[in-house]
Amino acid sequence: MDPIAFKELLEQNYTWPSIYMFKFVCPASNENIAYLESLFNSETAEIHIRSSSKGNFVSVTAKEMMMSPEKVIERYSQVRTIPGLLSL
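Position in the sequence shown counted from 1, then plus 568, gives you the working numbering.
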């Protein structure tokens with residue numbers, strides 16, 4: 569999605585700062601999981617990781633207090649480096 573349009577949606581649908589829920593699906597590897605976990609503040613973020621039935625993929629849900637729409641967009645740009653990652 570276009571970052572400008574996404575920012576407008578975030579501004580319309582949230583009051584900032586706000587708790588934002590990120591959902592990702594990516595190939596199951598220790599590197600991918602460790603990188604995703606490192607992006608979120610382990611003291612304040614609520615992170616849930618679930619493996620697929622065959623164990624080939626993991627689903628990661630993270631809820632964290634975000635200060636602005638720009639910070640949400642920044643986080644999405646950081647995860648784009650993971651090959652095969654889907655943002656939901």
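Glycine included, C-beta positions come from ideal geometry on N, C-alpha and C.
May I ask you to report which of helix, strand or coil DSSP gives residue 574? helix
Hey, residue 592 and residue 645: beta-carbon distance below 8 Å or not? Not closer than 8 Å, so no.
Under the three-state DSSP convention, the category residue 637 falls into: helix
Residue(s) in a DSSP beta bridge with residue 621: Note: residue 621 sits in no beta bridge, so no partner.
Bridge partners - residue 595, DSSP secondary structure assignment: 625, per the DSSP bridge assignment.
Exposed or buried, residue 637, counting other C-beta atoms within 10 Å across all chains shown (16 or more means buried)? That one is buried.
Suppose you measure from the CA of residue 599 to the CA of residue 643; what does that come to, to the nearest Å? 17 Å
Name the DSSP beta bridge partners of residue 630, please? 590 and 615
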